[in-house]
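Residue numbers (the working numbering): -14 to 409.
Worksheet: the structure to be examined is printed underneath.
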């Protein structure tokens, strides 16, 4: 069976914890898209880890972890993560697709230079090189992993690539040019480091499907950051949807039987763009400090996340475009300090209330329509059954379930792997 775990919102929903938990029953865990521009935080008996390239099944020794074709492979980042988990005594199995595209040094520089050029019109990029990477990929000038092992071919490819790139650097950004020979030497070093991990992952996954193995597909970011269905242009540069998992991993679409969509008990986002239920000032600061295990700060950038009340309109839309078969709500415990909790149940625009998600300009102009629920004002960490939660906490989950129209099968009441409450 194949299960996909994806996000309903802007990302940062807590997918890492759920993937880590579900990996215990999986033979294979696959990262199928995205790059080092977002991280999954995992807390276990080995410590606290922010993973950006490694699949979240890496802490399960018997699980095969795959970085698949659809990933933007930042090898430098990957090596650092591997050293971090190894130093914690973690033993793992990792395979990298020979068809994965390699993120190159100029991708990061282009990302930085373009945000600098745009000034106050910037997109709020993490400056991880993701947009330039995918621009090269779909312009068919990028490099796949297999090309690192054909040295003459690699040098020729780099020479032609940097003729164009250096024109941009010199005349558009007024920045120093790049010596492709230096990039070549760096890539040769990378190739030697990862050579024992490189394989045809598509064949491995095809065979695993035939053998009936349990495969877990791990997505990055959330539905609202999807290139086609998200809040364009404030999106990432790849598809964040479960539908893309079949492409990014190389598995038959009809084999994905379960799509678990993760959402927080409140809203959070990093970067620019409209955010209808966003809150500000002291109210936001308090929620940000309470959020997650160490506050609402980006796992990649460390930037304070924007926070707001739960947006049922956006979450319903996210669950719909993801094709959710179940929903998991994380961070319910974070809201335990509140006397009252608001839920955004509609958008008001030009005197009309909308229940459907809107396009970008309309989202900027829309005002939230709130329903206020009573808080539970008690610490719920340590509670081991959904039925044992305070009535107000159960009512909050049940209200949101009704609003989004999808079954909430699990509720997380803490950051640790075992802090999860199952429903029915």
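All C-beta atoms, glycine included, are put in the ideal place defined by N, C-alpha and C.
Every value quoted in this text rests on a predicted model; they were computed, and no experiment measured them.
Just to confirm my understanding: we take residue 49, look at its own chain, exclude 5 residues before and 5 after, and list those with CB closer than 6 Å. What are they? 13, 78
At which residues does the alpha helix (DSSP H) containing residue 8 begin and terminate? 0 to 8
Three or more C-beta pairs below 8 Å linking the region 143 to 159 and the region 53 to 60: no
Note the first and the last residue of the continuous alpha helix (DSSP H) segment covering residue 380. 376 to 389
When you compare the CB positions of residue 246 and residue 304, do they come within less than 7 Å of one another, or not? yes
Looking at residue 201: is its Cβ nearer than 7 Å to the Cβ of residue 17? no
If you count every other CB in all the chains shown that lies within 10 Å of the CB of residue 364, and 16 or more means buried, which is it? exposed
Under the three-state DSSP convention, the category residue 250 falls into: coil
Assuming residue 297 contacts residue 173 (C-beta within less than 8 Å), just tell me the rounded distance between them. Residue 297 to residue 173, Cβ: 52 Å. No contact.
Tell me, which residues are paired with residue 352 by DSSP? 333
Cα-Cα, which of 214, 289, 261 is closest to residue 271? 289
Is the number of C-beta pairs between the region 80 to 93 and the region 118 to 129 that are closer than 8 Å three or more? yes
With 16 as the cutoff for other CB atoms within 10 Å, does residue 39 come out buried or exposed? buried
Using only alpha-carbon positions, find the residue among 268, 370, 333, 347 that is nearest to residue 322. 268
Under DSSP, the alpha helix (DSSP H) around residue 307 begins and ends at which residues? 297 to 307
Proximal residues to residue 1 (C-beta, below 7 Å), its chain only, five neighbours per side dropped: 25, 26, 27, 36, 41
Looking at residue 454: is its Cβ nearer than 7 Å to the Cβ of residue 398? Here the chain comprises residues numbered -14 to 409, so residue 454 is not present and cannot be evaluated.
Where the beta strand (DSSP E) through residue -11 begins and ends: -13 to -8
From residue 360 to residue 391, what does the alpha carbon distance come to, in whole angstroms? 23 Å
Pick out whichever of 51, 236, 131, 118 has its Cα sitting closest to the Cα of residue 175. 131
Quick one: residues in its chain with C-beta nearer than 6 Å to the C-beta of residue 95, no 5 flanking neighbours on either side, listed in chain order? 117
Range of the contiguous beta strand (DSSP E) that encloses residue 25: 25 to 29
In terms of DSSP beta bridges, what is residue 49 paired with? 13, 78
Please report the distance separating the alpha-carbon of residue 260 from that of residue 19. 22 Å
Start and end of the alpha helix (DSSP H) containing residue 193? 186 to 195
Give me the Cα-Cα distance between residue 143 and residue 294, rounded to the nearest whole angstrom. 48 Å
From residue 249 to residue -1, what distance separates their C-alpha atoms? 7 Å
Separation of residue 373 from residue 114, as counted between CA atoms: 46 Å
Look at residue 383 and residue -13 and say whether their C-beta atoms are less than 7 Å apart. no
Separation of residue 324 from residue 233, as counted between CA atoms: 44 Å
Compute the Euclidean distance between the alpha carbons of residue 221 and residue 257, then round it to the nearest angstrom. 12 Å
Could you name each continuous beta strand (DSSP E) segment of 3 residues or more that falls completely within the region 206 to 277, going from the start of the chain to the end? 241 to 249, 252 to 254
Is the beta carbon of residue 252 closer than 7 Å to that of residue 353? no
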